Amino acid sequence: MNKVRVPFFLIGLLWVFSPKVHAQYWVDPSDNRLNNSQFRPLSDWPTPTEYRTASGSPGPKYWQQRVDYKIEASLDTLNHRITGKERITYRNNSPDVLRYIWMQLDQNLMSKEHSRTYQTTGALPQSIPPAARRFLNVDPFDGGFNITRVQVVDGAGKRQNMDYRINNTIMKVQLLQPLQPGGTVVFEVDWNHVVPDDGRGAKEKTKFGWHYVNAQWYPRVSVYDDVNGWQTDQFLGRGEFYLEFGNFDVSLTVPWNVIVDATGTLQNPIETLTAEQRNRLAQAYQVTDLVKNSPVFIIKPEEVGKPSSRPKTSGTITWRYKAENVRDFAWVASRVYVWDAAGYQYSPSEKPIALHSLYLKESMPLWDKVSTRAIWQTMETYGEMSLKYPYPKAVNVNGPPTVGGMEYPMLAFCAGRPNAEGKFTEVQERGLISVTIHEVGHNWFPMIIASDERKWTWQDEGVNSFVQYYAEQAYAKRFGGTPFGEQFKTGIYPSRRGPAKNIVPYMRDADQVPIMTHSDLIHKDFGNNGYAKPATALVMLRDHIVGPKAFDEAFREYSQKWAFRHPMPWDFFRTIEDGAGEDLSYFWRGWFYTTHTNDQAITEVKSQKAADLVGDDKRGQHYWRITIENKGKMVMPVQLGITYDDGSSEKMKLPA
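Per the numbering used here, residue 55 is the first one in the sequence shown, and the count goes up by one each step.
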């Protein structure tokens, strides 16, 4: 008798064979006999409209607003204060008449009345009585926006004051005249604020001087869309940002010895860079093979802070940047930056994308080894899986440790440095590779495919972590065994997010909420909920359910049709189903809408004589009956491996 040993591998979660499993999935245990099938259509999605179709596409009447900014700002490095004024041009592309505009004042999270210190209590600051504040014995950071002027500008250039009301991290600006569909209003805002010591935008005092990573640094217009109207959710620190696309013209005035990089293209390199630096940049963009070559230093370590590295040696310098069709603008400033650069091309006929890395001397030799190469790999993998990078440059900056990792159009902030002796571990190296890929990858999700981060963390963080997994594997294959990837000789990257085994402890936790939970209501394990679980789900969906070819076609379709638009979660779900050609209700329900667990088991393996079962033994003397039972509620396919005594084996894929 040819014996069988089971299993040789078992991937995923399933239902098969057992009648009690069928009953469990099809009917409610109550007498109501309701359809409780895990395969029933999801009823959570809104009815398709002329704005958003049943296939997950923008509809024939889809619209979104447009906001252009012209900003002039200066940085006072003695008092660590940014002072600015902005002219905002707002176009109403909606079918609605607007009587006011909401703005985001996210910097107010750092104000005395709304500081992060009090946010850690889990309550809004106004709910904390004065006695409790005295008991806490803390002095909140004196930050937040100081709004000094809000005025509308008419066609003749005449200015009139506008009424406005600040509600913590949002501000309502009352229009003097209703804004009709298709109409445009121009208004101006003046402000200033102290750069915080920590947070997404912050300052840091280093061994050789201060450096600043400036984000959420200007008042920004909120989104008005067809789903929620005005986005007025407060910024509490977790749910991030949701912004309109537009063009930016930004002038940044800093002391003469300060280096700046920012979202967009530098408009005045002659006034801001030396002739040697401009020549080095031109040379760097031609270096597009970072296996054979290294990035070019624009500012070498030995040149940092020297007057010869600047085009003038007194006063101030204004750096002017323009960016087209972006949803935000961020910038960095310091006199202590080492700067290297290279280029990336999708094809030899295309203009190279500028890749910049700015970091401290004490960040070497880690950053000069890893950063620009990780940006390069991000360009390739995300370009293949999603869409080609549409912007002219991508920058990674070594931010303060408190920043961790943050993303803005064309600009990322990443922590991570060697120790005081310049040593770093393999874990630290992987940490920088991963955070760089992740933050630069955010240029696609949500900077281009602009979902609502304030409500749905997973739609940018989880989707981005999913693509990051494949970029990490590609990095290990490309640089493994080279001087730039000694630890990846096997060509395998030990990714934290994506492999199924890594999410098991979280999914066993009874105290969790579904992925489809608003960002600020995720009470614990935010990283697992918003990043790791959705990334794992999509890896499973791609690699083990619909297959790479079908999934990749659908995923590229989602990316391309929602580029520079505002997709909702159901637009993503519908697009994947439509492109893959499968009803995946059971999958979205199990992974995204519930906290169902995967608990499957082989409950019985028994043999039966073939002659008794089918009347002859021409195909073999015995049949083996394998019973697999799903003891949890999540429904998934299973891949079953069977090994026989003679050493042969076979694999079976059992559908959900």
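No residue lacks a Cβ here, since even glycine has one placed at the ideal position from N, Cα and C. Remember, it's a predicted structure, so these values are computed and weren't measured experimentally.
Inside the region 246-294, DSSP marks whole beta strand (DSSP E) runs of 3 or more residues at positions 256-260 and 263-268, from first to last along the chain.
Closest by C-alpha distance to G253, out of G198, D280, D699 and K212, is G198. Between the region 616-635 and the region 104-114, the count of C-beta pairs closer than 8 Å reaches three or more; the two stretches touch. Closest option to F302, judged by alpha-carbon separation, among V494, E480 and E126: E126. Burial is judged here by how many other beta carbons sit within 10 angstroms of a residue's own beta carbon; Q119 has at least 16 and is buried. Counting only residues of its own chain and dropping the five nearest sequence neighbours on each side, P232 has a CB closer than 8 Å to the CB of V151, L152 and R153. Classified as buried, N450 has 16 or more neighbouring CB atoms from the shown chains inside 10 Å of its CB. Ranked by how close their Cα comes to the Cα of L96, the residues R643, I656, T657 and I680 have R643 in first place. Checking the DSSP bridge columns, you'll see S362 has no partner listed. The straight-line gap separating the alpha-carbon atoms of T571 and E356 is approximately 50 Å. About 5 Å separates the CB atoms of I352 and A395; that is less than 8 Å, so the two are in contact.
Here the region 397-410 makes no contact with the region 263-282; the two share fewer than three CB pairs at distances below 8 Å. With 16 or more other CB atoms across the displayed protein chains lying within 10 angstroms of its CB, Y436 is buried.
Residue state for D563 is assigned as coil, using DSSP reduced to three classes. In the structure shown, E434 falls within a helical segment according to DSSP collapsed to helix, strand and coil. For I680, the enclosing beta strand (DSSP E) begins and ends at H676 to N684. With respect to E242, K376 sits apart: the two C-beta atoms are not nearer than 8 Å. Taking a contact to require three or more Cβ pairs closer than 8 Å, the region 430-447 and the region 609-626 qualify as touching. The three-state secondary structure of D122, taken from DSSP, is strand.
Contact annotation: the region 468-482 does not touch the region 254-267, with fewer than three C-beta pairs closer than 8 Å.
The distance from the Cβ of M157 to that of P250 is about 19 Å, inconsistent with a contact at the 8 Å cut-off. Exclusion of the five residues before and after A617 leaves L441, P444, I502 and I503 as the residues of its chain whose Cβ lies within less than 8 Å of its Cβ. The beta-carbon distance between V424 and I487, rounded to whole angstroms, is 6 Å. This is short enough to meet the 8 Å contact definition.
For M460, the pairing in a beta bridge is given by DSSP as F467.
Approximately 6 Å separates the beta-carbon atoms of Q228 and M216; this is inside 8 Å, confirming the contact. Ranking T202, Y560 and D699 by CA distance to the CA of T590 puts Y560 first.
Taken through DSSP and simplified to helix, strand or coil, I487 comes out as helix.
Here D160 is buried, its C-beta having at least 16 other C-beta atoms within 10 Å. Judged by pairs of C-beta atoms under 8 Å, the region 572-588 touches the region 510-525, as three or more such pairs exist. Counting along the chain, L306 sits inside the beta strand (DSSP E) bounded by residues G300 to P309.
Between G635 and the set I599, P621, D653 and G669, the nearest pair of CA atoms involves I599. For Y523 and I491, the gap between their C-alpha atoms comes out near 9 Å.
For S519, the uninterrupted alpha helix (DSSP H) run begins and ends at V517 to F533, by DSSP.
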